[in-house]
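Let me begin by presenting the structure, written as structure tokens, before commenting on it.
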Amino acid sequence: MPTSIQHLNNFESNKKAIEILKLSGKERPNDWIVTMTFYAAVHLIESIIVDNIGRVTENHTERKNWINKISVLKRIRSEYLTLEFNSRKSRYMCIKFTDNDVVSNLNLLDKIENALLNKKGSR
1 MPTSIQHLNN FESNKKAIEI LKLSGKERPN DWIVTMTFYA AVHLIESIIV
51 DNIGRVTENH TERKNWINKI SVLKRIRSEY LTLEFNSRKS RYMCIKFTDN
101 DVVSNLNLLD KIENALLNKK GSR
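In this note's numbering, the protein residues as written are 1 to 123.
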């Protein structure tokens, strides 16, 4: 089972990959940036869940249930659900995302990061 630290490491790895993709110029893959933004949030949230219940979730539905139960996660529920929805639009509906859409998603990830890492006392 992955530990809280391992999830934090994957969160940081996803953020680094996002930064690399952002430098791709006018051909940058906004769809992948949107998807990676969601999965960065997943790892950060899983870190909190492991700290609270001692294990990771098995799927997106279970994760959402814990987001609704753990007080610090309740505060970022809306941002998480928006990132999840956008990621699904990218992956399954092949929606094209603009640079402004990417900025909006990155802002949502920043809100999640600020809310959760400040609670963990990490960074």
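The beta-carbon is built from N, C-alpha and C at its ideal position, and this holds for glycine as well.
Let's see if you can read the secondary structure: which residues bound the alpha helix (DSSP H) around Arg77? Arg77 to Tyr92
With burial defined as no fewer than 16 other Cβ atoms inside 10 Å of the residue's Cβ, what is the status of Val34: buried or exposed? buried
Can you tell me the Cα-Cα spacing of Asp110 and Glu58, whole angstroms? 25 Å
Does the segment 13-26 come close enough to the segment 46-63 to have 3 or more Cβ pairs within less than 8 Å? no
Per-residue DSSP class, three states only, for Thr3: coil
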